[in-house]
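Residue numbers (my numbering), protein chains in the order written: chain A, 6 to 324; chain B, 133 to 486.
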């Protein structure tokens with residue numbers, strides 16, 4: 006009887022919330038459409054959506070056109086859908102690199118493999134490093150070194166040191182780590198940046214009582230971190246890991262600056278736009294290459310959309 | 133009949149007695165083996181762990197923190213402290229191309245950078261362009277970002293779609309977006325201009341009069357995304373009671389935005405405003421995406437110029453000290469400006485904590 010009552014009460018509560026939510030939504034809709042400020046913003050947003058989706062859809066359609074079809078018909082649908090543009094681009098999308106045994110062509114599959122290796126490795130190192138450092142800073146404040154971490158990150162953010170790239174490259178050349186992907190991945194293990202602040206705010210927001218209960222039951226510090234605190238912060242960890250992965254996957258400049266002989270797929274696109282191989286140098290082929298690079302990220306985005314766009318907060322600068 | 137019943141009941145009683153006896157025997161055997169197993173366990177296993185002393189617990193805590201922090205701190209010292217100290221040292225050195233070594237050369241590089249920034253007809257206008265592009269971002273891009281985050285937080289009609297589309301540019305590879313935009317502007321925009329009667333439509337990305345404007349437009353156009361999420365996240369933490377109180381008082385959306393939302397997320401806004409100051413010197417717009425290392429000098433910014441001095445096709449070791457000197461000079465300007473910006477924002481900005 007009591008259970009039934011509870012269920013009814015819970016259902017009624019959910020129902021009230023839903024009705025309240027719907028009412029609030031319709032109220033916002035009504036008041037929103039009456040105010041000039043809101044209407045201007047709405048129109049701006051509509052323009053933005055059109056301006057962003059038009060090139061995207063246009064590029065997708067054009068990637069199926071033949072060279073002549075594109076010249077004669079830039080706006081419309083293809084006369085004949087050239088699906089073979091994609092395999093052709095995939096076949097010719099390569100980078101020439103210098104190896105110990107001479108020059109070698111790195112083709113699309115290997116470019117994707119390289120990008121996966123670099124992106125996954127760097128994401129693991131970066132996210133783990135930021136996460137554990139922020140945890141120590143947020144929860145072990147009784148030690149001076151942990152207390153210093155947060156202000157240190159803030160100071161580094163506040164005191165921008167500009168133009169240290171030359172020095173960094175000189176250091177990499179000197180220690181022989183230039184063009185070394187594994188070393189570069191390990192160098193991602195710092196703790197500076199916005200991700201640290203987000204993790205810090207997350208761990209500060211989690212009640213320490215869970216950890217205390219675990220300590221009483223005899224859990225070690227590592228066990229508390231890995232089996233209690235990180236699972237509780239999993240939404241933030243996943244969102245930041247995904248965003249970091251996407252950032253590394255898309256980062257083509259890393260090949261220009263640090264890894265000239267470990268080419269990745271996004272860098273191939275950069276070089277591909279200046280490609281002069283006659284069979285694939287047309288605009289539809291370039292756009293097809295764009296779609297090939299775009300596709301995996303779009304899939305990740307659609308699958309993890311809610312996680313990626315979840316609520317992330319960074320707290321403040323008052324250290 | 134009655135005797136038979138009595139006899140049966142005697143049998144039953146006897147059976148029950150036997151059964152009980154067996155049960156008791158079995159329980160005794162089980163107890164015996166249990167005692168044996170406990171004795172064996174106690175002999176073979178360690179004694180129960182003693183309650184650790186305070187110092188032992190502290191030692192294990194310190195060991196845990198050392199394991200946690202050793203690597204990130206090492207990377208901090210190598211990748212940040214050492215690199216920046218080396219950058220300062222590099223400022224006062226010059227590279228001897230013949231011998232392949234750096235030698236001390238005093239203030240030569242600083243003097244060269246200063247003279248280039250002040251009097252070089254190509255380099256000196258770059259600083260103005262960097263400042264103007266920063267101002268454009270601050271005056272147009274930055275407010276738009278917060279306003280868009282606000283209307284999405286308020287869940288206006290189609291807010292889900294708007295959020296996805298605003299977020300897409302930060303998810304899609306910048307090279308993909310650049311190429312799509314570039315081809316669209318090269319092939320579709322002139323056709324649209326012609327359709328509206330313009331005889332010689334300009335090439336917006338390569339005409340010097342429009343290229344810089346296009347770069348600024350593009351930077352703002354693709355610049356929503358991660359900041360938008362952080363702003364919406366900060367807004368969602370505003371207590372409902374405050375927003376509902378405002379609604380009961382009948383304030384408009386703009387007033388709510390200006391008097392409630394902005395003060396409540398001021399700390400998040402401060403972070404982006406303060407840390408954005410350095411982009412005056414590092415901001416490259418999207419020049420590298422569009423033009424590689426060969427952007428027209430008429431639209432180059434100071435950030436792009438120094439970047440391509442280090443990683444451009446013609447870059448050598450000899451360019452490193454010059455770039456390092458530029459970096460040191462910009463840091464000397466950017467650091468106090470950033471601190472001043474922070475002080476001003478905290479002094480004159482709203483001070484709300486919740």
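Just so you know, even glycine gets a beta-carbon here, dropped at the ideal spot from N, CA and C. All of these numbers come straight from a predicted model, not from anything done at the bench.
Notebook entry, point to check: Helix, strand or coil: how does DSSP classify residue 390 of chain B here?
Noted result: helix
Note to self: Can you tell me whether residue 268 of chain A is buried or exposed? The criterion is at least 16 other CB atoms within 10 Å of its CB, across all chains shown.
What the structure shows: buried
Checklist line | Under 8 Å by beta carbon: chain B residues contacting residue 138 of chain A | finding: 200, 201, 204
Margin query: Nearest by alpha-carbon distance to residue 300 of chain A: which of B/453, B/308, B/315 is it?
Written below: B/308
Next item on the list: Find the nearest neighbour of residue 219 of chain B within the set A/199, A/108, A/171, A/142, judged by alpha-carbon distance.
Entry: A/171
Margin query: If the criterion is Cβ atoms closer than 9 Å, does the pair residue 139 of chain A and residue 196 of chain A meet it?
Written below: yes
Check: What residues in its chain sit with their C-beta under 7 Å from that of residue 14 of chain A, if we drop five residues either side in the sequence?
Finding: Any reading at residue 14 of chain A must be qualified, since the residue scores a pLDDT of 48, below 50, and its modelled position is unreliable; the value itself is stated next. Hits under 7 Å: none found.
Note to self: Under 8 Å: do the stretch 326–337 of chain B and the stretch 367–374 of chain B share three or more Cβ pairs, one atom per stretch?
What the structure shows: no
Item checked: Interface residues of the stretch 302–333 of chain B facing chain A [CB-CB below 9 Å] -> 302, 303, 304, 305, 306, 307, 308, 309, 310, 311, 312, 313, 314, 315, 316, 317, 318, 319, 320, 323
Notebook entry, point to check: What first and last residue would you give for the beta strand (DSSP E) that runs through residue 291 of chain A?
Noted result: No beta strand (DSSP E) holds residue 291 of chain A; the alpha helix (DSSP H) holding it covers 288–308.
Next item on the list: Measure the Cβ-Cβ separation of residue 422 of chain B and residue 341 of chain B and say whether it is below 9 Å.
Entry: no
Next item on the list: Would you decide whether residue 155 of chain A is buried or exposed? Buried here means 16 or more other CB atoms lie within 10 Å of its CB.
Entry: buried
Note to self: Taking 8 Å as the cut-off, does the stretch 255–270 of chain A touch the stretch 129–147 of chain A (at least 3 CB pairs, one atom from each stretch)?
What the structure shows: no
Next item on the list: Indicate whether residue 273 of chain B and residue 355 of chain B have their beta-carbon atoms separated by less than 9 Å.
Entry: yes
Next item on the list: Please go through the same chain and pick out, in chain order, the residues whose beta-carbon is closer than 6 Å to the beta-carbon of residue 147 of chain B, but skip the five residues on each side of it.
Entry: none
Next item on the list: Determine the chain B residues that contact residue 255 of chain A at a beta-carbon separation under 7 Å, and present them in chain order.
Entry: 305, 306
Notebook entry, point to check: Quick one: which chain A residues come within Cβ less than 9 Å of residue 212 of chain B?
Noted result: 161, 166, 169, 195, 197
Item checked: the stretch 401–408 of chain B touching the stretch 225–237 of chain B, judged by at least three CB pairs closer than 8 Å -> no
Notebook entry, point to check: Closer than 9 Å, CB to CB, is residue 324 of chain A near chain B or not?
Noted result: Only weak support exists for where residue 324 of chain A lies, its pLDDT of 38 falling under 50; the coordinates are left without a value.
Note to self: Quick check: is the beta carbon of residue 212 of chain A nearer than 9 Å to any beta carbon in chain B?
What the structure shows: no
Next item on the list: Going by CA-CA distance only, name the one from B/418, B/259, B/197, B/388 that's closest to residue 343 of chain B.
Entry: B/418
Note to self: Whole angstroms are fine: how far does the CA of residue 147 of chain A sit from the CA of residue 324 of chain A?
What the structure shows: Below a pLDDT of 50, predicted positions are generally treated as unreliable, and residue 324 of chain A, at 38, falls in that range; the measurement from the model is reported next regardless. One C-alpha to the other measures close to 16 Å.
Margin query: Helix, strand or coil, according to DSSP, for residue 264 of chain A in the structure here?
Written below: coil
Next item on the list: Going by CA-CA distance only, name the one from B/318, B/249, B/327 that's closest to residue 437 of chain B.
Entry: B/249
Margin query: Output needed in chain order: residues of the stretch 444–460 of chain B with a Cβ under 7 Å from some Cβ in chain A.
Written below: 452, 455, 456, 458, 459
Note to self: With the cut-off set at 9 Å, would you say residue 113 of chain A and residue 297 of chain A are in Cβ contact?
What the structure shows: yes
Check: CB-CB under 7 Å to residue 470 of chain B, same chain, minus the five flanking residues each way: which ones, in chain order?
Finding: 406, 409, 410
Notebook entry, point to check: In chain B, which residues lie with their C-beta within 9 Å of the C-beta of residue 150 of chain A?
Noted result: 197, 201, 205
Item checked: Contacts of residue 413 of chain B in chain A (Cβ-Cβ under 7 Å) -> 167
Check: Going along chain A in order, which residues have a C-beta closer than 7 Å to the C-beta of residue 193 of chain B?
Finding: 226
Note to self: Let me check one thing: in DSSP terms, what residues is residue 400 of chain B bridge-paired to?
What the structure shows: DSSP output for residue 400 of chain B lists no bridge partner at all.
Notebook entry, point to check: Quick one: what's got a C-beta closer than 6 Å to residue 71 of chain A's C-beta in the same chain, skipping five residues either side?
Noted result: 87
Item checked: Rounded straight-line distance, which links the Cα of residue 287 of chain A to that of residue 293 of chain A -> 10 Å
Check: Can you tell me whether residue 271 of chain A is buried or exposed, with buried defined as 16 or more other CB within 10 angstroms of its CB?
Finding: buried
Item checked: Under 8 Å by beta carbon: chain A residues contacting residue 471 of chain B -> 163, 164
Next item on the list: Select from A/307, A/305, A/295, A/129 the residue whose C-alpha is nearest the C-alpha of residue 60 of chain A.
Entry: A/295
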